[in-house]
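Residue numbers (the working numbering): 1171 to 1523.
Notes follow the structure.
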Amino acid sequence: MTAEQITERMLADAVSTMEMMSTALGVRLGLYEALASGPLDARGLADKTGIHPRYAREWLEQQAASGLLTAAADDDPYARAFALPDDVRETLLDTDSVNYAGVLPGLVVSLAEILPRVAEAYGTGDGVPYAAYGPGTRHGIGGMNRPGFHAGIADWVAALPDIEARLSSGPARVLDLGCGTGWSSIALAEAFPAAGVHGVDMDEASVAEASEHAADHGLTDRVTFACADAAEPGAPGPYDLVCTFEALHDMADPVAVLRSAREVLAPGGAVLIGDEKVAERFTAPGDLLERLNYGFSVLHCLPATRAEGAAVEAGTVLRPGTVRSYAAAADYGGCTELPIEHDLWRFYRLDPA
Ligand SMILES: C[S@@+](CC[C@H](N)C(=O)[O-])C[C@H]1O[C@@H](n2cnc3c(N)ncnc32)[C@H](O)[C@@H]1O
């Protein structure tokens, strides 16, 4: 690329970044929600949300210029009505839709907010604890993954037919390691009413919210949570299934985690891992998935893992060969990639030797 092309790219990146921040602003202030019940002009949006009309006008114009809102033609900027198209409403507001991404702008902003601390850590070599990233990151991850768990988790387990049979006939037990705010544990319990699920996560705030979510879903009799390191989860088995979704790469000692998972498996039980669908090998330049995962790794996952006093620092870019090497080091007999369709994750089944 020439210097001129790189400058053009920087400008395009700046536009994307500022548009994402403006979307985060709209989510944070409830502006999209206000528009969901029908078109509004600047004063209408201001009245409904309590923001200043001048800011309402600018934000509405910027959103329409960026293509997220549509604008009616009117010469008076305060009389112009702006509408939220259905597809944008689904993506930003429908938390159950598999297309939901309304928490993504807030997640990106949370990474920007903690950048000074991350920069300091780059100098000292220390980490930045997961908890320090706060609710924007926590809710961003949980909110992005929740619809996929609800839509897909039964099918993912069906890719392990013997385990599906055990969970369906019950009584069965599942251990969900690195469960975050609990959505995978809840989805599993809903998909398999004969199963009890225990979720473990190191982040106190996540575990507290996971427990609230289980209570909201009326599942406290079958879904429990505990705050612990997945390497020493304090959750004696036997478990028919131990699973971990988008969390193995965050764990400071993934081999110890897999070893402790193996020790609590019931005879015939298995481990299911869902983690990033990155390329087999490092390639540069990388495709969009590589770039997405390196972005999270540089700004979040690697610093958070280092804060745990990492034995192994995978970063977000957990390649299949690395998962296989962890499985072998933790004395599994088999590590099989599962034929599960997912835009972002690859799935592995681990069986004890
Ligand atoms: C990217 S989040 C995924 C959360 C959840 N599985 C989901 O898909 O929404 C990674 C999670 O791993 C947890 N984690 C990281 N290291 C851990 C460890 N050693 N033991 C238990 N949980 C850990 C973090 O606290 C975080 O909640």
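We put the beta carbon where it would ideally sit given N, CA and C, even for glycine.
Between which two residues does the beta strand (DSSP E) containing V1370 stretch?
-> Position 200 of the sequence shown, counted from the start, is the residue given in the question as residue 1370. Residues A1365 to D1371.
Report yes if the C-beta of S1376 is less than 6 Å from at least one heavy atom of ligand 1; otherwise report no.
-> Walking along the sequence shown from the start, residue 1376 turns up at place 206. Yes, the beta carbon of S1376 sits closer than 6 Å to at least one heavy atom of ligand 1.
Label D1266 either buried or exposed according to how many other C-beta atoms from any shown protein chain fall within 10 Å of its C-beta, with 16 as the threshold for buried.
-> For the purposes of this step, residue 1266 is taken as residue 96 along the sequence shown, with counting starting at 1. Flag for D1266 reads exposed.
Sequence-distant residues of its chain with Cβ nearer than 6 Å to L1262 (five each side left out) | Locating residue 1262 in the sequence shown gives position 92, counting from the first residue. Contacts found: Y1202 and G1272.
Mind the definition here: the stretch 1342–1357 touches the stretch 1412–1427 only if three or more C-beta pairs lie below 8 Å; say whether that holds.
-> yes
Leaving out five residues on either side along the sequence, give the residues of the same chain with a beta carbon under 6 Å from the beta carbon of A1396.
-> Walking along the sequence shown from the start, residue 1396 turns up at place 226. The residues are V1370.
A1417 CB to nearest heavy atom of ligand 1 below 6 Å = Within the sequence shown, the letter at position 247 stands for residue 1417. Checking the Cβ of A1417 against ligand 1 gives yes.
Quick one: does the C-beta of G1485 sit closer than 6 Å to a heavy atom of ligand 1?
-> As a first step, residue 1485 must be located in the sequence shown, where it is residue number 315. G1485 Cβ: outside cutoff for every heavy atom of ligand 1.
Hey, quick one: how far does the alpha helix (DSSP H) through Y1202 stretch, first residue to last?
-> Taking the first residue of the sequence shown as position 1, residue 1202 is located at position 32. Y1202 -> alpha helix (DSSP H) spans L1201 to A1206.
What distance in whole Å lies between the Cβ atoms of G1439 and L1411, which are believed to be in contact at a cut-off of 8 Å?
-> As a first step, residue 1411 must be located in the sequence shown, where it is residue number 241. As a first step, residue 1439 must be located in the sequence shown, where it is residue number 269. Yes, L1411 and G1439 are in contact; Cβ-Cβ is about 6 Å, under 8 Å.
Name the two residues that bound the continuous beta strand (DSSP E) containing V1278.
-> Indexing the sequence shown from 1 puts residue 1278 at position 108. No beta strand (DSSP E) contains V1278, which is instead part of the alpha helix (DSSP H) from L1274 to E1283.
Kindly confirm or deny that the stretch 1279–1298 and the stretch 1254–1261 touch, where touching means at least three C-beta pairs closer than 8 Å.
-> no
For E1446, does the count of other Cβ atoms within 10 angstroms reach 16, so buried, or fall short, so exposed?
-> For the purposes of this step, residue 1446 is taken as residue 276 along the sequence shown, with counting starting at 1. It counts as buried.
Drop a sphere of 10 angstroms on the beta-carbon of Q1175, count the other beta-carbons inside from all chains shown, and report buried for 16 or more, exposed for fewer.
-> Numbered from its first residue, the sequence shown carries residue 1175 at position 5. Label assigned to Q1175: exposed.
With distances taken between CB atoms, is the gap from A1357 to I1323 smaller than 7 Å?
-> In the sequence shown, counting from the first residue as 1, residue 1357 sits at position 187. In the sequence shown, counting from the first residue as 1, residue 1323 sits at position 153. Contact flag set, yes.
heavy atom of ligand 1 below 6 Å from M1421 C-beta = Translated into positions along the sequence shown, residue 1421 becomes position 251. Checking the Cβ of M1421 against ligand 1 gives yes.
Could you check the C-alpha separation between T1453 and A1301 for me, to the nearest Å?
-> Residue numbering aside, residue 1453 sits at position 283 when the sequence shown is read from its first letter. Residue numbering aside, residue 1301 sits at position 131 when the sequence shown is read from its first letter. In a straight line, the C-alpha of T1453 is about 32 Å away from that of A1301.
Could you tell me whether the Cβ atoms of G1485 and C1505 are closer together than 7 Å?
-> Here residue 1485 refers to the residue found at position 315 of the sequence shown. Here residue 1505 refers to the residue found at position 335 of the sequence shown. Result no, Cβ atoms of G1485 and C1505 do not sit closer than 7 Å.
For the putative contact between V1427 and A1400, defined by C-beta atoms under 8 Å, what is the C-beta separation to the nearest angstrom?
-> One-based indexing of the sequence shown puts residue 1427 at position 257. One-based indexing of the sequence shown puts residue 1400 at position 230. Distance from V1427 to A1400 at the Cβ level is roughly 5 Å; contact confirmed, criterion being Cβ atoms closer than 8 Å.
What does a CB cutoff of less than 8 Å around E1450 pick up in its chain, not counting 5 residues either side in sequence?
-> Locating residue 1450 in the sequence shown gives position 280, where the first residue counts as 1. R1489, P1490 and G1491, listed in sequence order.
In chain order, which alpha helix (DSSP H) runs of at least 4 residues are fully inside the stretch 1377–1437?
-> 1424–1433
Using a Cβ-Cβ cut-off of 7 Å, state whether I1443 counts as contacting chain C.
-> The chain labelled as chain C is not found in the depicted structure, where only one protein chain is given.
Is the CB-CB distance between V1448 and A1500 below 7 Å?
-> Here residue 1448 refers to the residue found at position 278 of the sequence shown. Here residue 1500 refers to the residue found at position 330 of the sequence shown. No, they are not a contact pair.
Look at A1329 and L1508 and say whether their C-beta atoms are less than 7 Å apart.
-> Working through the sequence shown from its first residue, we reach residue 1329 at position 159. Working through the sequence shown from its first residue, we reach residue 1508 at position 338. At a Cβ-Cβ threshold of 7 Å, A1329 and L1508 count as neighbours.
What are the boundary residues of the beta strand (DSSP E) that L1345 is part of?
-> As a working mapping, residue 1345 is identified with position 175 in the sequence shown. It spans A1342 to L1347 - the beta strand (DSSP E) in which L1345 sits, taken as one unbroken run.
Less than 8 Å between the CB atoms is what I'm expecting for G1352 and E1379, so what's the real figure, rounded?
-> Translated into the one-based positions of the sequence shown, residue 1352 becomes position 182. Translated into the one-based positions of the sequence shown, residue 1379 becomes position 209. Yes, they are in contact, since the Cβ atoms of G1352 and E1379 sit about 7 Å apart, within 8 Å.
Does DSSP put L1442 in a helix, a strand or coil?
-> Translated into the one-based positions of the sequence shown, residue 1442 becomes position 272. In this structure, L1442 counts as strand in the three-state DSSP scheme.
Check T1193 in the structure and name its three-state DSSP category.
-> Locating residue 1193 in the sequence shown gives position 23, where the first residue counts as 1. DSSP places T1193 in helix when its eight states are reduced to three.
Nearest-angstrom beta carbon gap, D1211 and R1250 [assumed within contact, 8 Å] = Here residue 1250 corresponds to residue number 80 of the sequence shown, with the count starting at 1. Here residue 1211 corresponds to residue number 41 of the sequence shown, with the count starting at 1. Between D1211 and R1250 the Cβ distance is about 6 Å, and since that is below 8 Å, they are a contact.
Grouping DSSP H, G and I as helix and E and B as strand, with all else coil, what is F1362?
-> Walking along the sequence shown from the start, residue 1362 turns up at place 192. F1362 falls in the coil class under three-state DSSP.
Pull up the distance between the alpha-carbon of E1189 and that of E1228, whole angstroms please.
-> To locate residue 1189, count along the sequence shown from 1; it is residue 19. To locate residue 1228, count along the sequence shown from 1; it is residue 58. Looking at the two C-alpha atoms, the distance is approximately 13 Å.
So is the beta-carbon of Y1409 under 6 Å away from any non-hydrogen atom of ligand 1?
-> Taking the first residue of the sequence shown as 1, we reach residue 1409 at position 239. Incorrect: Y1409 has no Cβ contact closer than 6 Å to ligand 1.
Per-residue DSSP class, three states only, for P1255 = As a first step, residue 1255 must be located in the sequence shown, where it is residue number 85. Coil.
Does the distance from the C-beta atom of P1275 to that of A1194 stay below 7 Å?
-> In the sequence shown, residue 1275 corresponds to position 105, counting from 1. In the sequence shown, residue 1194 corresponds to position 24, counting from 1. Yes; because the gap between Cβ atoms is below 7 Å, this pair is in contact.
Proximity winner among I1510, Y1496, R1392 and L1514, relative to P1331 (alpha-carbon distances) = Along the sequence shown, one-based indexing puts residue 1331 at 161. That would be I1510, whose Cα lies nearest to the Cα of P1331.
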